[in-house]
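Visitor: Before I ask anything, here is the structure I am working with.
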Amino acid sequence: MPKKTVNGKRVVFRESFPAGEFYDLPQKWAGADELEFPEWVAVMSRFIESWEFKGDPTDVKAWEALDAFKEVTPIGREINQFVIGLLADAKN
Numbered sequence: 017m018p019k020k021t022v023n024g025k026r027v028v029f030r031e032s033f034p035a036g037e038f039y040d041l042p043q044k045w046a047g048a049d050e051l052e053f054p055e056w057v058a059v060m061s062r063f064i065e066s067w068e069f070k071g072d073p074t075d076v077k078a079w080e081a082l083d084a085f086k087e088v089t090p091i092g093r094e095i096n097q098f099v100i101g102l103l104a105d106a107k108n
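Numbering (my numbering), first residue to last: 17 to 108.
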C-alpha cells in the first residue's frame, strides 16, 4: 500500500477504489477546494486506508485535532499527489 509520513506519523492510502463505491470520487476530489471542512474531510478521507494519528480518518473530529499546517495541509498535498499519480497511471 502507498504510505507517506506526515509530521512523524504514517498515512496509508487505499490501493483499490471499486467503481460501485467510488464512481463519484474523481469529481468530488476535483471540487474539494470549494467544500466546507466537514465535506472536504468526507472526500479526502476516502483516499486514506489508515493513519497513525488519533482517531478514525473518516471522523471530522479527528481531523479537527490535527495541526492545520503541519498535518492537514501536508496530508491534503499528499492526497493530491497520490490522485494525480492514479490519474496519470490510468491513461492508456
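Virtual Cβ for every residue (Gly too), placed ideally from N, Cα, C.
Can you list, in chain order, the residues of its chain whose CB lies under 6 Å from that of T60, leaving out five sequence neighbours each side?
Guide: The sequence shown places Met at residue 60, not Thr. Cβ within range, chain order: I95.
Visitor: What do you get for I64, buried or exposed, if any count of 16 or more other CB atoms within 10 angstroms of its CB means buried?
Guide: Counting Cβ neighbours within 10 Å, I64 comes out buried, since at least 16 surround it.
Visitor: Exposed or buried, which one is P34 when buried takes at least 16 other CB atoms within 10 Å?
Guide: Its Cβ having fewer than 16 others within 10 Å, P34 is exposed.
Visitor: Between the C-alpha atoms of F53 and R62, what's the straight-line distance to the nearest angstrom?
Guide: Those two C-alpha atoms are separated by around 14 Å.
Visitor: For S61, which of helix, strand or coil comes out of DSSP?
Guide: It is helical.
Visitor: Within the continuous beta strand (DSSP E) that includes K115, where are the two ends?
Guide: Any answer about residue 115 is impossible in this case: the structure gives the chain only from 17 up to 108.
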